[in-house]
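Asks: The structure follows.
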Amino acid sequence: MRELHVNRITETIERLCIDACNHLPEDVKCGIRTCRAREDGEIAKGVLDNIITNFEIADAENVPICQDTGMACVFLEIGQDVHLVGGGLREAVDEGVRRGYDRGYLRKSVVKDPVRRGNTGDNTPAMLYTEIVSGDKVTITVGPKGFGSENMSAIRMFKPSAGLQGIKDFILEVVETAGPNPCPPIVVGVGIGGTFDKAALLSKKALMRPIDSSHPDPFYADLEREMLEKINQLGIGPQGFGGRTTALGVNIETLPTHIAGMPCAVNISCHVTRHKTEVL
Amino acid sequence: MEKHITLPLTEELARTLHAGDTVYLTGTIYTSRDAGHKRMCETLAEGKPLPFDPKDATIYYVGPTPAKPGQVIGSAGPTTSGRMDAYAPTMMSVGARGMIGKGARLPEVVEAMKKYSGVYFGAIGGAGALLAKCIKSAELIAYEDLGAEALRKLYVEEMPLVVIIDCEGRNLYEEGREKYLKSREV
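Those protein sequence lines, which keep their order, are chains A and B. Residues -5 to 274 (this note's numbering) make up the first sequence, in order. Residues 142 to 327 (this note's numbering) make up the second sequence, in order.
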């Protein structure tokens, strides 16, 4: 059994929160640059130029790309041969978020209660997901998630008879309804299958995957490509001002599901789709 | 069209701005978002004055990140304006004419804009680091307890914006998309 002190988890999460908020992943940068080259409208080109300048400033000056530094979504894959020592895991994760958002001058955007509100002041608690996997490593992914795009996400419990067409129509409907609100160009995370809750989680996990990757099953890889093309025919464009680039990528994750159902969740993310991973 | 404008946003100036114009804005603006708007509208309902003079004022829907040492302000891009739709007509009724944000507005906001000659500007959502560069001074003027949502007075220079909805109710979200889709047909 490998022993791992929870302080290592705290330190890593602190660093990943700051890095993720200040430095856009290479796959997203590359996607934005490619789309800029393809746009022809003056307003659309201008918007994408400013978006590129923005992430370059954030890189150079080590400042947040966007002021909505989000809720800290933390995914832990914990090897079953790891023994965590030195304190509670939940506390260690939240302490990492607390330090990251304080020392990184990130915005504290979490309220204590969904109805009665009141800022927690330190951006905790993290939205924490743990999974026990084989091996003796701990893989930590931090994805700060902004709410302009989170608010435009949706889930639907389809009858199996709705079929593939039902899912395609739903994805387009969610993007169409979102319009300019989630800061396009967007990244679309789709979760299909599982239960109500698992579909939503899959759609979030889909956003943690690089946009230049595809689903391992060619059927869903094709669906990702087809949906990206269809979304970009909507004409919503950068910031909703009209243009070719509405989405940078569509990532789909799937799970087996019940004979009676076909859950589908669509999690929308903005052009500041952030995630950083480290293995301990 | 590209325009360089200086605030305050008088009715005369507002009438020269049209949906789709690229605007570089210079002058004093005020920041407020969800909780700040709620409080301002409660203040008005009680018949009390706002923390700033709303006449011809422009409000930026933003909750910035904390300033690092040596910075005027942290990253400061727009938040989704639709959440302020419930308050915007009231704010316009007391003279606040300009709104800076991102995303769609309700028809009642557009109606109020026509009535009071309001202008809705779009700043690039997610471009917080870039927009912070245009902010030359920031002063906290009220509601400090709201943290990122506190009311701030900003002086901005050449802030890059696009007119999304003008005071005649023309809307770039509709026209821009239509224009693009038409260009694909041929």
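Don't be surprised by glycine CBs; every beta carbon is placed ideally from N, CA and C. The structure presented is a predicted model; accordingly, all values stated were derived computationally and were not measured.
How about the stretch 130 to 150 of chain A and the stretch 17 to 24 of chain A: do they share at least three Cβ pairs that are nearer than 8 Å?
Replies: no
Asks: Spell out the partners DSSP gives THR221 (chain B) in its beta bridges.
Replies: B:LYS243
Asks: Count the other C-beta atoms from every protein chain shown that fall within 10 angstroms of the C-beta of THR171 (chain A), then say buried if there are 16 or more, exposed otherwise.
Replies: By the Cβ neighbour-count rule, THR171 (chain A) is exposed, with fewer than 16 other Cβ atoms within 10 Å of its own.
Asks: Determine the direct distance from the alpha carbon of VAL297 (chain B) to that of ILE306 (chain B), and round the result to whole angstroms.
Replies: 21 Å
Asks: Would you be able to state if there are at least three C-beta pairs under 8 Å between the stretch 175 to 189 of chain A and the stretch 227 to 239 of chain A?
Replies: yes
Asks: Using a Cβ cut-off of 9 Å, pull out every chain A residue sitting near ALA283 (chain B), in sequence order please.
Replies: Simply none; closest approach about 17 Å.
Asks: Just to make sure I have the definition right: I need the residues of chain B whose C-beta is within less than 8 Å of the C-beta of ILE230 (chain A). Which are they?
Replies: ARG318
Asks: For the beta strand (DSSP E) that GLU299 (chain B) lies in, which residues bound it at each end?
Replies: 292 to 306
Asks: With a cut-off of 8 Å on the beta carbons, I'd call GLY229 (chain A) and TYR321 (chain B) a contact; round off their distance for me.
Replies: For a cut-off of 8 Å, the C-beta gap from GLY229 (chain A) to TYR321 (chain B) is around 5 Å, short enough to register as a contact.
Asks: Just to confirm, are VAL184 (chain A) and ARG219 (chain A) a CB contact at a threshold of 9 Å?
Replies: no
Asks: How close, in whole Å, do the beta carbons of SER222 (chain B) and ALA273 (chain B) come, if the pair is a contact with beta carbons under 8 Å?
Replies: With 8 Å as the limit, SER222 (chain B) and ALA273 (chain B) do not qualify as a contact, their Cβ atoms being about 19 Å apart.
Asks: Could you check whether ILE3 (chain A) and LEU100 (chain A) sit closer than 9 Å to each other, using their CB atoms as the reference points?
Replies: no
Asks: Would LYS223 (chain B) pass as an interface residue toward chain A - the criterion being a Cβ-Cβ separation below 9 Å?
Replies: Just to set this straight, residue 223 (chain B) is Gly in the shown sequence, not Lys. It does; some Cβ of chain A falls within 9 Å.
Asks: Looking at C-beta atoms only, is the number of pairs between the stretch 238 to 246 of chain B and the stretch 277 to 290 of chain B that lie closer than 8 Å three or more?
Replies: no
Asks: Going along chain A, which residues have a C-beta under 7 Å from TYR321 (chain B)?
Replies: GLY35, GLY229, GLY231, GLY236, GLY237
Asks: Can you tell me whether SER207 (chain A) is buried or exposed, with buried defined as 16 or more other CB within 10 angstroms of its CB?
Replies: exposed
Asks: Take the Cβ of ILE126 (chain A) as the centre, count every other Cβ of all protein chains shown within 10 Å, and call the residue buried at 16 or more, exposed below.
Replies: exposed
Asks: Is there a Cβ of chain A sitting closer than 9 Å to that of SER216 (chain B), yes or no?
Replies: yes
Asks: Tell me the residue span of the beta strand (DSSP E) that contains GLY73 (chain A).
Replies: 65 to 73
Asks: Alpha carbon to alpha carbon, how far is ILE170 (chain B) from VAL203 (chain B)? Give it in angstroms, no decimals.
Replies: Approximately 11 Å, taken between the alpha carbons.
Asks: Put VAL181 (chain A) into one of helix, strand or coil per three-state DSSP.
Replies: In this structure, VAL181 (chain A) counts as strand in the three-state DSSP scheme.
Asks: Give me the subset of the stretch 45 to 63 of chain A whose CB atoms are less than 8 Å from a CB atom of chain B, sorted by chain position.
Replies: ILE45, THR47, ASN48, PHE49, ILE51, ALA52, GLU55, VAL57, PRO58, ILE59, CYS60, GLN61, ASP62, THR63
Asks: Please name the residues in the stretch 254 to 265 of chain A whose beta-carbon is closer than 9 Å to at least one beta-carbon of chain B, in chain order.
Replies: Those residues of the stretch 254 to 265 of chain A that come within reach of chain B (Cβ to Cβ, closer than 9 Å) are CYS264, HIS265.
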